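One structure below.
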Amino acid sequence: LETVPTIKKLRAYAERIRIAELEKCLSKMGDDISKKNRKLVDDLSRGIVNKLLHGPMQHLRCDGSDSRTLSETLENMHALERMFSLES
Amino acid sequence: LETVPTIKKLRAYAERIRIAELEKCLSKMGDDISKKNRKLVDDLSRGIVNKLLHGPMQHLRCDGSDSRTLSETLENMHALERMFSLES
Amino acid sequence: TRRDEMMSKLKEGKKYLRLRDPQKAFEEFKEALRIAQILGDPTEAKKAARGLGASCHRQRKLREAIKYHSMVLSISEREKENTGDTEAYGAIADCYTELGDLETAAKYYDKYIERLETD
Amino acid sequence: TRRDEMMSKLKEGKKYLRLRDPQKAFEEFKEALRIAQILGDPTEAKKAARGLGASCHRQRKLREAIKYHSMVLSISEREKENTGDTEAYGAIADCYTELGDLETAAKYYDKYIERLETD
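Residue numbers (the numbering used here), protein chains in the order written: chain A, 1 to 88; chain B, 1001 to 1088; chain C, 2001 to 2119; chain D, 3001 to 3119.
Okay, here's the thing in structure tokens:
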């Protein structure tokens, strides 16, 4: 459960990047794109972020049933916090 | 230098995801998108991946001048290899 | 038309969220949800519910935010159409984390993570 | 026109890369590069060079791949226009990694990483 706040922070970190890049892209497109395609571009941005996050997120969750898994999960957490500057 | 192969594997991992999602998106759009917008969608996919990778990539590189940084860098490497299943 | 009005409310709601005015955003989404329910449009009702959840979340009304994000999940279940569920599970988990209920948060994050790969 | 021919060669090259036929891809990109140079079109010349780099890389012709990816960088420098540089630095570093020259690879990865955030 110690890793739960890290999951939240990592999600927020990735979402900030996604939104910033998406808005940059859509503003350059202007009205030059159909509503359907706008939706597909949004889906693309979510698809990339979600698939990239899947591995790290999975490795932040463990049932804590054996200690090796727990200590590994905590190591993953510390590494992610360092790498994405999530400490606060 | 031990982390160099991991940088390569992480890049390849992210690129596979990017290409798969991009092709899914473009195939759904069909010919219903201008060349300019197709380029912008490609840029979007690169932008998201690159900005998400920046932190982890940076933390895989260290000049190894002091041992604390080196051991941290190796911990980051092991965590990334676990989380993205990069061992091989 | 009714539908145009609903779409414009959704758009306004998003605009106010971007402008960091969650109270005004809430009003717009609330009205959009009402029209979507009259029209029987589950897709737009989900977007409105999601916007309401985000508006409440930004105002630290966490219980209310959970209620609206859960509405997305129940519409999905009723319609057998899962768009927006991943995000809803994640958002509900975020709220429980902020409430300090890490146990419940973890359960929702597990559903969120399960869906990340396949979405 | 010449330009149409070049664009179609680039398209064909990409198609062959996708179909995992790097030899045929190489031929197409080679021709595209030749036309781009005649037309004096640096943007498309970079795309062709990049395609040539990728085609060589897939054939394990690593030294040649490095040569073509480096061509992207030198066109960028000449034109003061950096599109494609991040990817070129990364690809060159990948080649050096495969050659076992981790020292040189690290130098190129550093330039790659430096550009990831701002690109």
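Heads up, the beta-carbon is just placed ideally off N, CA and C, and yes, glycines get one too. None of the values given here were measured: they were computed from a predicted structure.
| task | Measure the alpha-carbon distance for tyrosine 2986/D versus leucine 80/A and round it to whole angstroms. | result | Since the first and last residues shown for chain D are 3001 and 3119, residue 2986/D lies out of range.
| said: Excluding the 5 residues flanking proline 2022/C on each side, which residues of the same chain have their C-beta closer than 6 angstroms to its C-beta? | reply: To locate residue 2022/C, count along the third sequence from 1; it is residue 22. Contacts found: Ser2055, Arg2058 and Gln2059.
| query | Nearest-angstrom Cα distance between leucine 1070/B and leucine 2052/C? | reply | Within the second sequence, residue 1070/B is the residue found at index 70, counting from 1. Within the third sequence, residue 2052/C is the residue found at index 52, counting from 1. Their Cα atoms are separated by approximately 47 angstroms.
| task | Return the chain-ordered ranges of every beta strand (DSSP E) run that is complete within the region 1018-1074 of chain B and spans a minimum of 3 residues. | result | Listed in chain order, nothing qualifies, since the region 1018-1074 of chain B has no complete beta strand (DSSP E) run of 3 or more residues.
| Which stretch, first to last residue, makes up the alpha helix (DSSP H) that contains glutamate 3087/D? | Walking along the fourth sequence from the start, residue 3087/D turns up at place 87. Start and end: 3085-3099.
| said: With a threshold of 8 angstroms, are at least 3 pairs of Cβ atoms found where one atom belongs to the region 1010-1018 of chain B and the other to the region 17-29 of chain A? | reply: The region 1010-1018 of chain B is not in contact with the region 17-29 of chain A.
| field | glycine 2013/C in three-state terms, based on DSSP | value | Here residue 2013/C refers to the residue found at position 13 when the third sequence is read from its first residue. The answer is helix: DSSP assigns glycine 2013/C an H, G or I state.
| said: Just to confirm my understanding: we take asparagine 50/A, look at its own chain, exclude 5 residues before and 5 after, and list those with CB closer than 6 angstroms. What are they? | reply: The sequence position of residue 50/A within the first sequence is 50, counting from 1. Cβ neighbours of asparagine 50/A beyond the five flanking positions: none.
| field | Same chain, Cβ closer than 8 angstroms to arginine 2020/C, five either side skipped, listed in chain order | value | By one-based count along the third sequence, residue 2020/C stands at place 20. Once the five neighbours on either side are set aside, the close Cβ partners of arginine 2020/C are Arg2058.
| Would aspartate 1031/B count as contacting chain A if we go by Cβ distances under 8 angstroms? | Start at 1 with the first residue of the second sequence, and residue 1031/B comes out as number 31. Taking Cβ atoms only, chain A never reaches closer than 8 angstroms to aspartate 1031/B, which makes this a no.
| request: Output the boundary residues of the alpha helix (DSSP H) element that contains arginine 3115/D. | output: In the fourth sequence, the residue the question calls residue 3115/D occupies position 115. Arginine 3115/D -> alpha helix (DSSP H) spans 3102-3116.
| Would a check of beta-carbon distances place valine 94/A closer than 8 angstroms to chain C? | Look at the range of chain A in this structure, 1 to 88, and you will see that residue 94/A is not part of it.
| query | Are there 16 or more other CB atoms within 10 angstroms of the CB of leucine 1001/B, so buried, or fewer, so exposed? | reply | Position 1 of the second sequence, counted from the start, is the residue given in the question as residue 1001/B. That one is exposed.
| query | Between the Cα of methionine 3042/D and the Cα atoms of Asn3082/D, Glu3064/D and Glu3087/D, which residue gives the shortest distance? | reply | As a first step, residue 3042/D must be located in the fourth sequence, where it is residue number 42. Sequence inspection shows proline at residue 3042/D; the methionine mentioned does not correspond to that position. Between proline 3042/D and the set Asn3082/D, Glu3064/D and Glu3087/D, the nearest pair of CA atoms involves Asn3082/D.
| message | The alpha helix (DSSP H) that contains phenylalanine 3029/D, what's its start and end? | response | Along the fourth sequence, read from residue 1 onward, the residue named residue 3029/D stands at position 29. It spans 3022-3039 - the alpha helix (DSSP H) in which phenylalanine 3029/D sits, taken as one unbroken run.
| Does DSSP put asparagine 2082/C in a helix, a strand or coil? | Your numbering for residue 2082/C matches position 82 in the third sequence. It is coil, neither helix nor strand.
| task | Report the neighbours of cysteine 25/A on chain B: residues whose CB is nearer than 8 angstroms to its CB, in chain order. | result | Against the first sequence, residue 25/A aligns to sequence position 25. Neighbours of cysteine 25/A on chain B, chain order: Leu1040, Val1041, Asp1043, Leu1044 and Gly1047.
| Residues near tyrosine 2108/C by beta carbon distance below 7 angstroms, same chain, minus five either side | Residue mapping note: residue 2108/C aligns to position 108 of the third sequence, counting from 1. If we look at tyrosine 2108/C and ignore the five residues flanking it on each side, its Cβ neighbours are Tyr2089, Ile2092, Ala2093 and Tyr2096.
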